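Each residue of the sequence shown is one higher than the last, beginning at 45 in my numbering.
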Amino acid sequence: MIGMKLFAIAAIAALALTAMMTCTSAGNADKAPSQGNLLVISEALFDPVGTETEGEFVELVCASNRSASIGGWTLTDQDGPIEITFPNMTLAPGELVVVWTGAGTNQTSRSPYEFHIGRTTSVWNNPGDDVLLLNSTGNVSDYICYGNGSAVDPCPAPGSWPNISALPKEGISLALKSDDAWGFSVPTPGARNPEPAKISSALITEVSYDPGKGSEYVKVVSNSTKPLNLYGWAIADDSGVLAFPRNATLSPGEALTMAENATRFNISFGRLPDITWGNMTTIEAGFRLANAGDEVFLLDPWGAKVDAYAYGDSNYQGEGWLGEPVPVLRPGKVSMRAIDCGKYADTDSARDWDKTPVSAPIFGNNTSVAFTAANLTYYAFPDAGFQAVESLIYEARSSISLNVYELSSPLAAAALARAAGRVGIRVLSEGKPVSGLVGSSVECFDAITEAGGSVRLAINDTFDYNHAKYMVIDNRTLFLSTENWGASGLPAAGMSGNRGWAVAVRDANLSSYFMRVFESDWNSSIPWNASRGSVKISSEETPLMSKRARPLFPPMNSTESARVTPVLAPDNALSQETILGMLGGARRMIMVEEFYVHAKWGSSAYGGASETNPFVDALVAAARRGCEVRVLLDSTYYNVESGDKNDNDDAVRYLNTLAALEGLKIQAKLVQLEAHDFVKIHAKGVIVDESSVLVSSINWNRNSVMDNREAGLIVESGEAARYFARVFEYDWRDDFSPPVPEIRVEGTPCVGTTICFLGNGSRDDAGIRDYSWQIDGVNASSKAPTIEWVFSTPGEHEVTLNVTDGWGNANSTSISLELTNVTAETPEMQTSAQSSPTTVSNGTGASGVGAEGIWGASPVLMYILALPGVAVLAFWLIGRGRKGGRGKDIPSRRSEPVERDESSSAELE
Numbered sequence: 045m046i047g048m049k050l051f052a053i054a055a056i057a058a059l060a061l062t063a064m065m066t067c068t069s070a071g072n073a074d075k076a077p078s079q080g081n082l083l084v085i086s087e088a089l090f091d092p093v094g095t096e097t098e099g100e101f102v103e104l105v106c107a108s109n110r111s112a113s114i115g116g117w118t119l120t121d122q123d124g125p126i127e128i129t130f131p132n133m134t135l136a137p138g139e140l141v142v143v144w145t146g147a148g149t150n151q152t153s154r155s156p157y158e159f160h161i162g163r164t165t166s167v168w169n170n171p172g173d174d175v176l177l178l179n180s181t182g183n184v185s186d187y188i189c190y191g192n193g194s195a196v197d198p199c200p201a202p203g204s205w206p207n208i209s210a211l212p213k214e215g216i217s218l219a220l221k222s223d224d225a226w227g228f229s230v231p232t233p234g235a236r237n238p239e240p241a242k243i244s245s246a247l248i249t250e251v252s253y254d255p256g257k258g259s260e261y262v263k264v265v266s267n268s269t270k271p272l273n274l275y276g277w278a279i280a281d282d283s284g285v286l287a288f289p290r291n292a293t294l295s296p297g298e299a300l301t302m303a304e305n306a307t308r309f310n311i312s313f314g315r316l317p318d319i320t321w322g323n324m325t326t327i328e329a330g331f332r333l334a335n336a337g338d339e340v341f342l343l344d345p346w347g348a349k350v351d352a353y354a355y356g357d358s359n360y361q362g363e364g365w366l367g368e369p370v371p372v373l374r375p376g377k378v379s380m381r382a383i384d385c386g387k388y389a390d391t392d393s394a395r396d397w398d399k400t401p402v403s404a405p406i407f408g409n410n411t412s413v414a415f416t417a418a419n420l421t422y423y424a425f426p427d428a429g430f431q432a433v434e435s436l437i438y439e440a441r442s443s444i445s446l447n448v449y450e451l452s453s454p455l456a457a458a459a460l461a462r463a464a465g466r467v468g469i470r471v472l473s474e475g476k477p478v479s480g481l482v483g484s485s486v487e488c489f490d491a492i493t494e495a496g497g498s499v500r501l502a503i504n505d506t507f508d509y510n511h512a513k514y515m516v517i518d519n520r521t522l523f524l525s526t527e528n529w530g531a532s533g534l535p536a537a538g539m540s541g542n543r544g545w546a547v548a549v550r551d552a553n554l555s556s557y558f559m560r561v562f563e564s565d566w567n568s569s570i571p572w573n574a575s576r577g578s579v580k581i582s583s584e585e586t587p588l589m590s591k592r593a594r595p596l597f598p599p600m601n602s603t604e605s606a607r608v609t610p611v612l613a614p615d616n617a618l619s620q621e622t623i624l625g626m627l628g629g630a631r632r633m634i635m636v637e638e639f640y641v642h643a644k645w646g647s648s649a650y651g652g653a654s655e656t657n658p659f660v661d662a663l664v665a666a667a668r669r670g671c672e673v674r675v676l677l678d679s680t681y682y683n684v685e686s687g688d689k690n691d692n693d694d695a696v697r698y699l700n701t702l703a704a705l706e707g708l709k710i711q712a713k714l715v716q717l718e719a720h721d722f723v724k725i726h727a728k729g730v731i732v733d734e735s736s737v738l739v740s741s742i743n744w745n746r747n748s749v750m751d752n753r754e755a756g757l758i759v760e761s762g763e764a765a766r767y768f769a770r771v772f773e774y775d776w777r778d779d780f781s782p783p784v785p786e787i788r789v790e791g792t793p794c795v796g797t798t799i800c801f802l803g804n805g806s807r808d809d810a811g812i813r814d815y816s817w818q819i820d821g822v823n824a825s826s827k828a829p830t831i832e833w834v835f836s837t838p839g840e841h842e843v844t845l846n847v848t849d850g851w852g853n854a855n856s857t858s859i860s861l862e863l864t865n866v867t868a869e870t871p872e873m874q875t876s877a878q879s880s881p882t883t884v885s886n887g888t889g890a891s892g893v894g895a896e897g898i899w900g901a902s903p904v905l906m907y908i909l910a911l912p913g914v915a916v917l918a919f920w921l922i923g924r925g926r927k928g929g930r931g932k933d934i935p936s937r938r939s940e941p942v943e944r945d946e947s948s949s950a951e952l953e
């Protein structure tokens, strides 16, 4: 299909005029010493597009380093009369004069000076002719001839003059290059002939060739370190060439967008393009990008390909492009150049475009803007619950504009319906969610519209899904959340729900920004009553929350000044100015809490290798810089399916394996939902260096970033970072149950005797991390699970064991010992004696109670039995520390003789 016609390639690229000869004439070759080559021919267009007389021109330049008076100088083609004689005027070095063949008004006040011959027919013939410039004395100052037509006359005497045998295509001029060679150029009358561009001094970064209801467009970005004048540059495809206008100048890194239709572009993107194709100079008609395949070339004025893009069924191989074309995209998708380490990828191949396709950016177009705010509130869900948004709705005095993927909460709908009686209510929601609209969403939409509010659905728009979750109140307050407005996203007070993050920012400028986003998306949506017949109603229903939860993280109001940057997908979600820049700027630590993460973004359509998630790549890069990285992901069954090789458990495995191989400080894990009160992690949040936070609707998969409408905020605030870090640390914990401590005693409980206290029977699901002991309220130096102790005084002594598990959960238990002095020899025991308990101790000072009652208070019982005339036997019954329930009785550990208490009369049975 692609057969290059090449003004472009034959007429403007390859033709640096190697096909140039010279014509010579005998005579004195010296120029007049006072005149010399003060004025020379610098450019000539003899075959313009359109009317010959309107576009035909010859351009002259003062080539001397001193001023030149050109009064009486003439310009002719040698076949007819003098075409123009210049008036008395002086040109400064480098100043230009343009002589137009047709009619017009002369301009002699400043450079470029313009003169019009006023002809109704052309002066310079297309097949070939010559241009002769004579000074005021009639001597030749400059001369060129081109082609081989009959109008080419012998070159004048004296001297050696250029004879250009090759002819440029229609609309292309002959132009003098900086090395004094002639070349073919996009016409630049009145502007200095440009230097040849450096390869990749500008890059094509976006191409939309099958926009559906939108507009085709091409975006270029300056890759130069200096201001870049694009006058004379052009974009070309298989059929046509369009040249940039005179005022097209880019600063380093600045972008310029050229669209076919400004109105359709504005409808799609919410702004006008920088240039329309109609505002560009048509060098060759027919520029239009074919849906099935084509090329886009960025050409400098001399026809060199500065950059190229090939797609679909293009078979182009050549300057600016190597290898296979980029696969053709679906309608409505935009091909976007990848960014690698903050720079545009540039290998002149399809690999440069491996982050595409994406939906057309609708607002912002890959740029970001930041705001400063000093009145913010941070929320954690389910703790904040529905009452968080209820209070904001109640605050509204004029308007509420809500954009949310799913609205199915009867509580939220009722609050909005009540507000509709006093303020304007607009709700924008996704019309075709994954499983269809649930019945409660239909009821919510009906309730709001019946109360006077407006509801619209995003259906068949530019995005795959309208997945944003934000509300603008009175054009002065923005509430942005990770949560949908359903039973689990906005649970009733005291009920469980999703773990989510949210922020409210009371700032008019930020609110106005999001209102412009809202209006753009609202305008492309369909009213609820008009769309209800075309939407799918799901048989499934969002379950109400029945599990109760104790709020641990109340909302936090902050008056600390914060820098707030909006993040929009697909607009700037992959920009180095938003999430990637945030991750790339981390120096100490990164915490990520996400509903789901795809480590791989699918097999690359352009190179075969599996493409990694750029956010995951940024995490790994941060770890390689020395940052501590922790990633916490949801563990709901559908996010950890064994048949899915690219869900959360696979992302965890990928990161942890990489950390082990490279020795990186990366920890990735699935949340232990059984240990927490929330239903699932639905947050999409990042914390960096205790200084900035991302709160957004963006899941870390390809579709979310490239095809959905998503919204988020980067909040640069220490208070925000510390608030959400506390939430993260709580969610990171796998265990909230304290360990079960146990003390066993070995040895004779006598003064001066070594007694061993064993705590190694203590237990915990996650394992004991720390042991500490206290003897009679004083900390023992040993941190071992077992210690030995020698008491120096008789009487009651207390031993306490404190244990802590790996999550910081702590518990303790104590026992009491009654010690006596050791006798010189052990008396004989009389087996006929009966025993009766005289003392029962549980470490709390209680005595004289039965064993059944005492087990409920302590893990240790001590029975002291008196043997008449013989001894006292101490029986130690050891129980285990426990959590809540009854302890388990275990047999007596040992019986030791002690000195008899004379007051005892108990007998051994």
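The beta-carbon is built from N, C-alpha and C at its ideal position, and this holds for glycine as well.
Note that this is a predicted model, so its numbers are computed, not measured.
For the set I859, I799, V732 and D808, the Cα lying nearest the Cα of D820 is the one of I859. Runs of the beta strand (DSSP E) lying entirely within the region 99-152 and spanning at least 3 residues, in chain order: 101-106, 118-120 and 140-144. Under the criterion of beta carbons closer than 8 Å, F309 and Y261 qualify as touching, at roughly 6 Å. Distance check between E328 and each of T307, E304, A278 and D357 places A278 closest, using alpha-carbon atoms only.
In this structure, Y187 sits near C199, with a CB-CB distance shorter than 8 Å.
Under the three-state reduction of DSSP output, M626 falls in the helix class. About 7 Å separates the beta carbons of S740 and E754, which is inside the 8 Å limit, making them a contact pair. Annotation for N855: no alpha helix (DSSP H) segment contains it, though the beta strand (DSSP E) segment containing it runs A854 to L863.
Counting only the Cα atoms, T391 lies some 41 Å from F768. Between the region 222-240 and the region 80-90 there are three or more C-beta pairs closer than 8 Å, enough to call the two in contact.
In the three-state reduction of the DSSP assignment, T493 falls in the helix class. Runs of the beta strand (DSSP E) spanning 3 or more residues and lying entirely within the region 190-220 occur at 203-208 and 217-220, in chain order. Rounded to whole angstroms, the gap between the alpha carbons of M750 and S619 is 12 Å. Around the beta carbon of K257, fewer than 16 other beta carbons lie within 10 angstroms, which makes this residue exposed.
Beta bridge pairing from DSSP links A695 with no other residue.
Our two residues, D693 and Y423, have alpha carbons roughly 28 Å apart in a direct line. The beta carbon of I623 lies closer than 7 Å to those of V611, A617, F659 and L738 in the same chain, with the five residues before and after it left out. A distance below 8 Å between beta-carbons, with the five flanking residues on each side excluded, links G762 to the following residues of its chain, in chain order: E604, E734 and S735. In the structure shown, F772 falls within a helical segment according to DSSP collapsed to helix, strand and coil. Residue G729 holds the alpha-carbon nearest to the alpha-carbon of T526 among G729, V285 and P477. Counting other Cβ atoms within 10 Å of its Cβ, P255 reaches 16 or more and is therefore classed as buried.
Sixteen is the threshold: since fewer than 16 other Cβ atoms of the shown chains lie within 10 Å of the Cβ of D357, the residue is exposed. Spatial neighbours of W645 in its own chain (CB-CB distance under 6 Å, excluding positions within 5 residues in sequence) are listed in chain order as E655, N657 and R746. Put simply, the backbone Cα of G468 is about 14 Å away from that of A457.
With respect to S806, N853 sits apart: the two C-beta atoms are not nearer than 8 Å. As a beta-bridge residue in DSSP terms, Y422 pairs with V547 and M600.
Taking a contact to require three or more Cβ pairs closer than 8 Å, the region 562-575 and the region 488-503 qualify as touching. Residues E127, I128 and T145 of the same chain have their beta carbon placed closer than 6 Å to that of I161, with the five preceding and five following residues left out of the count. Secondary structure of W566 (DSSP, three-state): helix. Apart from sequence neighbours up to five positions away, the residues of its chain that approach E434 with a beta-carbon distance below 6 Å are A459, ordered along the chain.
In the structure shown, M559 adopts helical secondary structure according to DSSP, grouped into three states. Contact annotation: V378 and E494 have beta-carbon atoms that are not nearer than 8 Å. E638 sits away from F772, with the two beta carbons spaced by 8 Å or more. Between the beta-carbon of S485 and that of L451 there is about 6 Å, and that keeps the pair under the 8 Å contact cut. Counting along the chain, D661 sits inside the alpha helix (DSSP H) bounded by residues P658 to R668. Counting C-beta pairs with one atom in each stretch, the region 212-231 and the region 117-124 have fewer than three that are closer than 8 Å, which means they do not touch.
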